[in-house]
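Presented below is the structure to which this report refers.
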């Protein structure tokens, strides 16, 4: 390297200094150093951006930071749309999205589509188009747990390749704290079948739980995009729930029956793309087909088509509670340290801080976990 010419050397002759006779070389070297420092700073800024925007998404003002909330099919997204304040509806890469406020947080609400291919493609488009501060998947799944239970898994694995993707630990801890304050009780009664005018009301024997599990699994044997069907209804349809006339188009920036804790066809694919772009991720899945069916152990697909609405509603309640918890943290001056930890992507430290604050109460006594929650 030419810069060594400016240093004192002892190669054969003590006290000899070799100085470059080419000032242009020194200028080029200085320029290279400056470029390296600038690039490092830009990389650091990009890395911290998503963490910084997590609290900003819930702050008042003109900030455009948002969290993306994705569901596979219309019935999963419908209860979230019903609870949201829709600001406008936009289009990106041929898909429509609601820009909205949900529980005080600015969000992008959209359909990822059914299956791993659709989920990965949509997630990449959402990241390019909206640069979300985080991504939440809210929907239904098969599980060994009881129908209606909501499972928040710490990690998700792609069954086909065995790759494991961890949910963001700070977001998991936020969900854990939020599960103590759901906007409504988890549902245990539903009309079966949901769309029949002659449907009877069926109630589960047990109250559903929020379960913080270890591992979810995503499996899509087809390996092909699962096409939605125009006019195909709330499971197979293409229509974004509650979509009004299109407000704008967004131009992207260049760039099954199971014995598992929880199993679906999309979440690990979303997690894979989120991990590639270093976007915080959380999966919230409620059980549509699993144990505890009052109509008998019928399995998939009968259970799915009877209980998908109930499961989607329960998943939405936990997702909304998570967003409400984030909103409270963003607006609480005493929680600024948590926002700073999130801004610097200190995920595990932020999670530890959340746990510590949960143990501290005005009277210094930690409350016992309430019924309906498995930590």
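Residue numbers (the working numbering): 448 to 822. Positions of the beta carbon are idealized from the N, C-alpha and C atoms, including for glycine.
What does the alpha-carbon distance come out to for the pair residue 519 and residue 560? By 1-based counting over the chain shown, the position of residue 519 is 72. By 1-based counting over the chain shown, the position of residue 560 is 113. If I take the Cα positions, the gap works out to 4 Å.
Ends of the alpha helix (DSSP H) at residue 524? For this step, residue 524 is matched to residue 77 along the chain shown. Where residue 524 is concerned, the enclosing alpha helix (DSSP H) stretches over 521-530.
With 16 as the cutoff for other CB atoms within 10 Å, does residue 713 come out buried or exposed? If you number the chain shown from 1, residue 713 lands on position 266. Its Cβ being crowded by 16 or more others within 10 Å, residue 713 is buried.
Rounded to a whole number of angstroms, what is the C-alpha to C-alpha distance between residue 613 and residue 606? To locate residue 613, count along the chain shown from 1; it is residue 166. To locate residue 606, count along the chain shown from 1; it is residue 159. Roughly 15 Å separates the two Cα atoms.
Residue 518 - partner residues in DSSP beta bridges: Your numbering for residue 518 matches position 71 in the chain shown. Its beta-bridge partners are 558.
Straight-line gap, residue 531 to residue 549 (C-alpha atoms, nearest Å): In the chain shown, counting from the first residue as 1, residue 531 sits at position 84. In the chain shown, counting from the first residue as 1, residue 549 sits at position 102. C-alpha separation (whole angstroms): 5 Å.
Taking C-alpha atoms, which residue in 555, 731, 646, 627 lies nearest to residue 536? The residue labelled residue 536 in the question sits at position 89 within the chain shown. If we check each option's Cα against that of residue 536, 555 comes out closest.
In this structure, does DSSP put residue 612 in helix, strand or coil? Position 165 of the chain shown, counted from the start, is the residue given in the question as residue 612. Of the three classes helix, strand and coil, the one that applies to residue 612 here is strand, per DSSP.
Residue 685 - DSSP class collapsed to helix/strand/coil: Taking the chain shown and counting its residues from 1, the one referred to as residue 685 is at position 238. Of the three classes helix, strand and coil, the one that applies to residue 685 here is coil, per DSSP.
Any beta-carbon of chain B closer than 7 Å to the one on residue 571? Here chain B cannot be found, since the structure has a single protein chain.
Quick one: what does DSSP say residue 594 is sitting in, helix, strand or coil? Here residue 594 is taken as the residue at index 147 of the chain shown, counted from 1. If DSSP states are grouped into helix, strand and coil, residue 594 belongs with coil.
What whole-angstrom Cβ distance do residue 522 and residue 682 have, given they're in contact under 8 Å? Indexing the chain shown from 1 puts residue 522 at position 75. Indexing the chain shown from 1 puts residue 682 at position 235. Taking a contact as a CB-CB distance under 8 Å, the pair residue 522 and residue 682 counts as one, their CB atoms being some 6 Å apart.
Candidates 659, 571, 738: which alpha carbon is nearest residue 732's? Looking up residue 732 in the chain shown gives position 285. Among 659, 571, 738, the Cα nearest to that of residue 732 is on 659.
Spatial neighbours of residue 553 in its chain, beta-carbon cut-off 6 Å, leaving aside the 5 residues before and after: Residue numbering aside, residue 553 sits at position 106 when the chain shown is read from its first letter. Scanning its chain for C-beta atoms nearer than 6 Å, with the 5 sequence neighbours on each side dropped, one finds around residue 553 the residues 504, 513, in chain order.
Just to confirm my understanding: we take residue 432, look at its own chain, exclude 5 residues before and 5 after, and list those with CB closer than 7 Å. What are they? Residue coverage of the chain in this structure runs from 448 to 822, which leaves residue 432 outside it and unanswerable.
Classification of residue 590 by the beta-carbon crowding that lies within 10 angstroms, buried from 16 upward: Within the chain shown, residue 590 is the residue found at index 143, counting from 1. Buried, because 16 or more other Cβ atoms sit within 10 Å of the Cβ of residue 590.
Residue 750 in three-state terms, based on DSSP: On the chain shown, residue 750 is found 303 positions in, with the first residue counted as 1. Note: residue 750 maps to helix in three-state DSSP.
Hey, out of 674, 676, 593, whose CA is closest to residue 739's CA? Translated into positions along the chain shown, residue 739 becomes position 292. Out of 674, 676, 593, 593 has the C-alpha closest to the C-alpha of residue 739.
Does the ligand MG have a heavy atom nearer than 6 Å to the CB of residue 774? Ligands are entirely absent from the displayed structure, and the ligand MG is therefore not among its contents.
Anyone know if the C-beta pair for residue 637 and residue 757 falls short of 7 Å? Here the question's residue 637 lines up with position 190 in the chain shown. Here the question's residue 757 lines up with position 310 in the chain shown. Yes. Within cutoff.
Once the 5 residues before and after residue 802 are set aside, which same chain residues still bring their CB inside 6 Å of it? For the purposes of this step, residue 802 is identified with residue 355 of the chain shown, where counting begins at 1. Around residue 802: no qualifying Cβ.
Host alpha helix (DSSP H) of residue 572 (start-end): Taking the first residue of the chain shown as 1, we reach residue 572 at position 125. Note, residue 572: alpha helix (DSSP H), 563-577.
Answer yes or no: do residue 601 and residue 671 have a C-beta to C-beta separation smaller than 7 Å? On the chain shown, residue 601 is found 154 positions in, with the first residue counted as 1. On the chain shown, residue 671 is found 224 positions in, with the first residue counted as 1. Going by C-beta atoms, residue 601 is not nearer than 7 Å to residue 671.
Here's the rule I'm using: 16 or more other beta-carbon atoms within 10 Å means buried, otherwise exposed. How should residue 744 be labelled? Taking the chain shown and counting its residues from 1, one reaches residue 744 at position 297. Looking at its Cβ environment, which holds fewer than 16 other Cβ atoms inside 10 Å, residue 744 is exposed.
Look at the alpha carbon of residue 678 and the alpha carbon of residue 644, and state the distance between them as a whole number of angstroms. For the purposes of this step, residue 678 is identified with residue 231 of the chain shown, where counting begins at 1. For the purposes of this step, residue 644 is identified with residue 197 of the chain shown, where counting begins at 1. The straight-line gap from Cα to Cα measures roughly 19 Å.
Nearest CA to the CA of residue 707: which residue from 641, 737, 646? Indexing the chain shown from 1 puts residue 707 at position 260. Selected option, being the one with the closest Cα: 737.
Unbroken alpha helix (DSSP H) run spanning residue 786, endpoints: The sequence position of residue 786 within the chain shown is 339, counting from 1. Taken as a continuous stretch (DSSP letters only), the alpha helix (DSSP H) holding residue 786 covers 783-790.
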